[in-house]
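Per the numbering used here, residue 4 is the first one in the sequence shown, and the count goes up by one each step.
Just so it is clear, CB atoms sit at the ideal spot from N, CA and C, and this is done for glycine as well.
In what follows, a structure is listed as C-alpha cells, so that the remarks can point back to it.
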Amino acid sequence: MVLLGGGEFLEKLLEILELKLDFLDEEENGIPRTSKKKRENNTTSEGEISKATEFFINKKLRIESRKEMFESAKELLLNWLPQFLLILCYHQRGSLTFNKKTLTIYFKDSRHLDLAQSARTNIFLDATLSPSLLAQKLGIQTSDILHIEEEKPDYSNLTITQISGMGKLGRERSGSMQDERIPALKAALKTRHNNDVAFLDHKLYAQKGEGYHFRDSRGVNRFEGVPAITSFGLPYRNIGMLKAEFQILCGYCPGEDDENFKAYADELLYSEIIQEGGRLRASRTDKEKTFYIVAEVSTDFLAEAYPGANIKSQHITEICPEAANRGDRSLAAVFAAAQEVLSNSMLMGVKAVQRDIGAIAGVTQSYVSKVLKRYGGWDKFKKLFHLLIDSFNSNWNNSKKLKKLNDDEKYIATQWFPNLVDPPFDNPDPEDVVEEVMEVIEDHGIKKFKEILAHTPFETRVKMLGFLIQILPDYLQNEFIDILGGERGEPIVGF
C-alpha cells in the first residue's frame, strides 16, 4: 500500500491498533470424555461419571467458555481509525456517514476484485448486469469485455400490468394502506387467479408464505408453477448505501439531482424488477402468465427484457376499487356516473343534468361541481362533449342547413382550430386546447360554435375530441371512449 505524506505515522498506528485475537484459538473448557466402548455399553467404573452427567458438565463449561470469549471480543478496540484516516486524509476512496449518533465508514472490499484480476480470463454470468456497470466495478474499459447474449425468447404468453394509484409503497406505510387497501387488492387478485398468485414485498411487510425483495427475486424457482406474481413497492436498496457505493465507484458524493447517480440507481432498480418478473419462468411454458407491479414506475424498460409481452398500465380503480384511496373512489364514481348520464342522454334523448351524476355516484352535487370545475364546469363539459360527438354524424353537418360564416369564423374553423390541435413546432397541451375551445364557445355561443365546428376539418375534430378525453384521469379515458363505439341508434361516421 502506497501512502501519501504521513505514511510512517499511519503504519505505526496500524501496528499499535493491531487486533489481538489469540483468545479465539483457546480450547473450550470441558472434562475428558468417557471412552466410546463404555458409552455404548452405558457402563461406568468406580470413580467415573455417567454419560448424562458428563454431557451436563461439558455443556455448562462450554457456556462459561463462550461467555469469556464474548467478553474478550467486547473489549477489543474498534479498528475504525486507520480506515477513517485513509479516507479523510489520504484520499482513499470511501464514504463517511453520520446518522443517529453513529459513524459509518464504507470502503472498498477488493477481495473478489483481486481474485478476478489474478485470473487470465473471467466469465461472469448475469442476466441483467450491463457491461458498462461491470467494467466500472472491475476498473477496466467496457471495450475490454466481450459481451455474449443469447437471443431472447418470445414472451407473448406474458402480461405485465403496472398498477398505479397505490403510491410508492416504500418501507413507511399508513395503517389504512397496510391493513385495508393492500389486503383488498390481494383478495381481488386471488379471486382473479383462483387463489393461485404469489406476492413479493419488502421484508418488513411480507406475510408468512410470501416472498420478499432481494431474497426471492433472483435464482429461485419457487414461483415457476404459479400463473401470476404481484410485486408490491419498488425493490430499491437503501439509498444511503447506494450513494456510498456510488461514491466508492465514481470518486465523488452525488448531489440530489446528479444524473449519473440516477442512472446508476435506475439500472439496479430495473434489474431487480426484471429479475422478479423472471421468477414466473414464462419462457419455459405456453401457459398464460401475469406479472403485476404495484408501484409508480415507468415500464418502458421491460419491452426490451420481455419481447412480445403485453405491457400495460391500469389504475387501481380498474382492478379493485376497494383498494383505491377515498378521493380516487369518489372521482371514479363521479366520472362513471357522468358516462352513464351522457350515454342515457344520447340513447333516450333525455336531458343530462348534474344532479343525476351525484345520485348515481352517491356523492353530493357540490362534490360533483368541484370535480368538474377543473374541466370548465358540468355545462361546458357536457355541451362540448355532445357537440364533438354529434359533429361526426353526416346529417348533422349538412352544409345546406347551416348559415354562412363570416371571415373571422371561417378563420377559426379552417386555420385556428387546425393549428391549435396540431401546431407546426410544438406538441399541444390537452388542457390548453380544451380551455381555448371553451373560450370560443363563450365568445360565440353554442349555436355559432356548432356552425364553426361543422366547417372544421374532420381530422381536427377527431383530435379535439381526443384532447377532451385526455384531460380525464388515465383510468377513466377508456370509459368515455366506449361511448364512441356506436352504442347510439345512429352510427358515428369515422368510428
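Assuming contact is defined by CB atoms lying nearer than 8 Å, are Thr100 and Gly258 in contact in what I supplied? Between Thr100 and Gly258, the C-beta spacing is not below 8 Å.
Should the region 311 to 331 be called in touch with the region 157 to 166, which here means at least 3 C-beta pairs below 8 Å? yes
Please classify Leu16: does DSSP put it in a helix, a strand, or coil? helix
So the alpha helix (DSSP H) Lys413 belongs to, where does it begin and stop? Element bounds for Lys413: 410 to 414.
Within a Cβ cutoff of 6 Å, which residues of the same chain sit near Ala209, ignoring the five residues on either side of it in sequence? Tyr215
Rounded to the nearest angstrom, what separates Pro2 and Thr105 at their Cα positions? The requested residue 2 is not part of the displayed model; the chain covers only 4 to 498.
Just to confirm before moving on: does the CB-CB distance between Asn241 and Cys253 stay below 8 Å? no
DSSP on Lys315, reduced to helix/strand/coil? Three-state DSSP puts Lys315 in a strand.
So, with DSSP's three-state summary, where would you put Thr276? It should be pointed out that residue 276 corresponds to Ile in this sequence rather than to Thr. Of the three classes helix, strand and coil, the one that applies to Ile276 here is helix, per DSSP.
Proximity to Thr131 [Cα-Cα], best of Lys70, Arg221, Asp112, Gln181: Looking at the Cα atoms, Arg221 is the closest of the given residues.
Alpha carbon to alpha carbon, how far is Asp411 from Asn430? 25 Å
Give the DSSP-derived three-state secondary structure of Asn102 in the structure shown. Strand, per DSSP.
To the nearest angstrom, how far is the alpha carbon of Met1 from that of Val437? For the chain, the structure presents residues 4 to 498; residue 1 sits outside this window and is missing.
Can Ile185 and Leu203 be called in contact, C-beta distance under 8 Å? no
Among Lys189, Gly281, Arg114, which one has its Cα closest to the Cα of Phe226? Of the candidates Lys189, Gly281, Arg114, the one whose C-alpha sits nearest the C-alpha of Phe226 is Gly281.
By the 10 Å Cβ neighbour count, where 16 or more other Cβ atoms means buried, how is Gln250 classified, buried or exposed? Buried.
Starting from the N-terminal side, write out each stretch of the beta strand (DSSP E) that is 3 residues or longer and does not extend beyond the region 147 to 190. 161 to 167
Sorted by chain position, which residues of the same chain lie with C-beta nearer than 6 Å to Gln86's C-beta, five sequence neighbours on each side aside? Ile108, Phe110
In this structure, what does DSSP give as the bridge partners for Gly214? Leu203
Mind checking whether His458 and Leu408 have CB atoms under 8 Å apart? yes
Answer yes or no: do Lys171 and Leu237 have a C-beta to C-beta separation smaller than 8 Å? Result yes, Cβ atoms of Lys171 and Leu237 sit closer than 8 Å.
Can you check whether the CB of Phe235 is closer than 8 Å to the CB of Val297? Yes.
Compare the Cα-Cα distances from Tyr295 to each of His196, Asp260, Pro324 and report the closest residue. His196
Which residues bound the alpha helix (DSSP H) around Phe87? 84 to 92
Considering only the alpha carbon of each residue, which of Leu245, Ile444, Glu434 lies closest to Ala266? When only C-alpha atoms are compared, the closest one is Leu245.
Do you know offhand how far Val223's Cα is from Pro421's? 56 Å
Cβ of Phe127 within 8 Å of Cβ of Leu137? Leu137 sits close to Phe127, with the two beta carbons spaced by under 8 Å.
Could you check whether Ala122 and Leu141 sit closer than 8 Å to each other, using their CB atoms as the reference points? No, the pair does not count as a contact, with Cβ atoms beyond the cut-off.
For a test of the three-state rule: what should DSSP assign to Tyr109, helix, strand or coil? strand
In terms of DSSP beta bridges, what is Ser234 paired with? Leu203, Ile296
Closest by CA to Lys155, which one among Ser179, Lys292, Leu305? Leu305
Alpha carbon of Pro426 to alpha carbon of Asp435, nearest angstrom: 12 Å
Output the distance between the C-alpha atoms of Val200 and Phe470, rounded to the nearest integer angstrom. 38 Å
Under the three-state DSSP convention, the category Glu11 falls into: helix
Which of helix, strand or coil does DSSP assign to Gly254? Here Gly254 sits in coil by DSSP.
8 Å contact criterion, which Ile163 and Thr302 should meet: CB distance rounded: About 6 Å separates the beta carbons of Ile163 and Thr302, which is inside the 8 Å limit, making them a contact pair.
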